[in-house]
Amino acid sequence: MPQAIPQFLLKGPKMSRVSAVLAFALVGFSLATPVRAADPVAATVNGTDILLSTVERTRNGTPQLAQAPLKIVYPMLLDNLINEVLLAEAGRKDGLAKDPEVLAALKEAETRMIARTYALRTASKAVNDQMIKERYEQFKKANPPAEEVRARHILLESEDEAKAVLADLKKGRKFEDLAKEKSKDSNGENGGDLGYFHKEEMVPEFSDAAFKLKPGQTSATPVKTQFGWHIIKSEDKRMGKPPELAEVKEDLKAQLAQETLSKIIQNLVAGAKISRFDLEGKPMAPPPSHGK
Numbered sequence: 010m011p012q013a014i015p016q017f018l019l020k021g022p023k024m025s026r027v028s029a030v031l032a033f034a035l036v037g038f039s040l041a042t043p044v045r046a047a048d049p050v051a052a053t054v055n056g057t058d059i060l061l062s063t064v065e066r067t068r069n070g071t072p073q074l075a076q077a078p079l080k081i082v083y084p085m086l087l088d089n090l091i092n093e094v095l096l097a098e099a100g101r102k103d104g105l106a107k108d109p110e111v112l113a114a115l116k117e118a119e120t121r122m123i124a125r126t127y128a129l130r131t132a133s134k135a136v137n138d139q140m141i142k143e144r145y146e147q148f149k150k151a152n153p154p155a156e157e158v159r160a161r162h163i164l165l166e167s168e169d170e171a172k173a174v175l176a177d178l179k180k181g182r183k184f185e186d187l188a189k190e191k192s193k194d195s196n197g198e199n200g201g202d203l204g205y206f207h208k209e210e211m212v213p214e215f216s217d218a219a220f221k222l223k224p225g226q227t228s229a230t231p232v233k234t235q236f237g238w239h240i241i242k243s244e245d246k247r248m249g250k251p252p253e254l255a256e257v258k259e260d261l262k263a264q265l266a267q268e269t270l271s272k273i274i275q276n277l278v279a280g281a282k283i284s285r286f287d288l289e290g291k292p293m294a295p296p297p298s299h300g301k
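This is the structure in structure tokens:
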């Protein structure tokens with residue numbers, strides 16, 4: 010099976026300011042673990058239950074642990090939660106439940122949780138299957154079938170190294186073997202196979218060279234990009250097909266939810282009385298897009 014295309018070769022999509030804000034607003038939603046109707050008790054500490062869903066949410070909300078199997082991190086997470094309960098009990102005995110700093114932090118956490126939950130539920134409810142199907146049809150029209158190439162490459166640090174590899178190829182060495190031996194790219198282990206890609210997916214210098222080759226041809230001279238020097242071999246050319254709806258459904262749903270959330274926020278801002286102050290306490294003008 011061909012390896013995934015190396016990230017350094019891909020032309021990264023640009024995220025708009027609005028998209029970035031919405032993405033931030035939705036942080037944590039896909040990681041949330043709903044409370045079960047019957048939620049097992051993972052531990053009891055002086056009469057206080059720690060539920061399994063709490064352990065799972067703690068794991069899912071910790072980036073370093075989110076992908077780890079629950080069985081592996083369960084004991085550590087449970088111990089941490091037990092310690093939290095014990096520390097909270099001790100803090101309450103010291104009167105911290107009424108401490109102004111604690112109350113302010115609780116208010117902030119409550120506001121953040123309510124806002125995020127409202128955003129998720131409202132945006133998700135507004136998206137239905139018909140909207141997703143319509144967006145899929147729009148996607149297909151905006152992305153008509155285009156030629157794609159399957160290619161291999163060998164990445165070298167210098168032009169001299171690349172020319173030496175070309176010389177080895179002329180002597181009869183296999184491209185795949187040289188990729189495994191010489192390539193500075195992780196795909197070298199797979200014989201340099203990049204799989205199929207569209208022209209727009211790669212940096213221009215690489216794409217231009219790859220799409221000029223006929224299947225079976227190897228670039229006659231090294232191709233220079235910002236990443237180094239490449240020897241490219243074309244394996245196949247074909248007309249690409251759009252992905253099936255099932256493959257992109259979740260992405261389209263998320264896209265529609267973000268657009269819905271954007272409109273919700275715009276309406277809320279338009280109907281709100283908002284005052285902004287700079288770090289010195291002086292009144293600030295609202296951002297142009299907000300108008301308030």
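Just so we're aligned, residue 10 is where the sequence shown starts under the numbering used here, counting upward by one.
Note that CB positions come from ideal geometry on N, CA and C, so glycine has one too.
Among the options, which residue has its Cα nearest to the Cα of residue i?
| i | options | result |
| --- | --- | --- |
| glutamine 139 | Val278, Gly56, Leu261, Lys282 | Leu261 |
| asparagine 89 | Lys246, Ile59, Val212, Arg144 | Ile59 |
| valine 54 | Glu253, Ala97, Pro292, Ala188 | Ala97 |
| proline 252 | Glu119, Gly201, Pro153 | Pro153 |
| alanine 263 | Lys172, Val82, Leu129 | Leu129 |
| valine 158 | Ala173, Glu256, Ala47, Lys223 | Lys223 |
| aspartate 202 | Val94, Ala176, Ala160 | Ala160 |
| valine 64 | Glu168, Ala52, Glu170, Gly56 | Ala52 |
| lysine 172 | Glu146, Ala118, His239 | His239 |
| leucine 86 | Leu95, Gln275, Thr67, Leu112 | Thr67 |
| glycine 56 | Gly249, Leu95, Gln275, Ala75 | Leu95 |
| threonine 269 | Ile141, Ile81, Glu146, Gly204 | Ile141 |
| arginine 302 | Ala124, Leu178, Tyr83, Val257 | Coverage of the chain is limited to positions 10 through 301, which leaves residue 302 absent and any answer about it impossible. |
| tyrosine 205 | Ala229, Arg247, Lys221, Ile81 | Arg247 |
| lysine 208 | Leu187, Gly249, Gly225, Ala229 | Gly249 |
| glutamine 147 | Ala99, Ile81, Leu254, Asp108 | Leu254 |
| threonine 131 | Leu265, Ala151, Pro78 | Leu265 |
| serine 133 | Ser271, Asn276, Ala176 | Ser271 |
Hey, how far is the Cα of residue i from the Cα of residue j?
| i | j | result |
| --- | --- | --- |
| proline 295 | leucine 115 | 28 Å |
| isoleucine 91 | isoleucine 163 | 53 Å |
| isoleucine 241 | glutamate 198 | 16 Å |
| arginine 285 | valine 278 | 13 Å |
| glutamate 214 | phenylalanine 236 | 11 Å |
| tyrosine 127 | arginine 121 | 10 Å |
| glutamate 244 | isoleucine 283 | 60 Å |
| proline 297 | isoleucine 273 | 18 Å |
| proline 72 | glutamate 93 | 19 Å |
| leucine 165 | serine 195 | 12 Å |
| alanine 135 | glutamate 259 | 14 Å |
| glycine 290 | glutamate 110 | 22 Å |
| leucine 105 | glutamate 119 | 18 Å |
| serine 62 | arginine 125 | 19 Å |
| alanine 32 | asparagine 69 | Because alanine 32 sits at a pLDDT of 45, beneath the cut-off of 50, its placement in the model cannot be relied upon, and the following sentence gives the value as read from the coordinates. Straight-line Cα distance between these residues: approximately 17 Å. |
| lysine 149 | alanine 155 | 11 Å |
Would you call residue i buried or exposed, if buried means 16 or more other Cβ atoms sit within 10 Å of its Cβ?
| i | result |
| --- | --- |
| proline 231 | buried |
| asparagine 137 | exposed |
| serine 192 | buried |
| proline 22 | Summary for proline 22: the model assigns pLDDT 40, below 50, so the residue's position carries little reliability; its value from the coordinates is reported in the next sentence. With fewer than 16 Cβ atoms within 10 Å of its Cβ, proline 22 is classed as exposed. |
| glycine 200 | buried |
| proline 76 | The sequence given here has glutamine at residue 76, not proline. Under this definition glutamine 76 is an exposed residue. |
| valine 50 | exposed |
| serine 167 | exposed |
| leucine 112 | exposed |
| alanine 188 | buried |
| glutamine 226 | exposed |
| alanine 99 | exposed |
| alanine 47 | exposed |
Per the DSSP calculation, residue i is bridged to which residue(s)?
| i | result |
| --- | --- |
| glutamate 157 | His207, Arg247 |
| valine 232 | His239 |
| alanine 52 | Ile59 |
| leucine 164 | His239 |
| aspartate 202 | Arg161 |
| arginine 285 | Met293 |
(message) Quick test of the definition: if touching needs 3 or more C-beta pairs under 8 Å, does the segment 206-213 touch the segment 174-186?
(response) no
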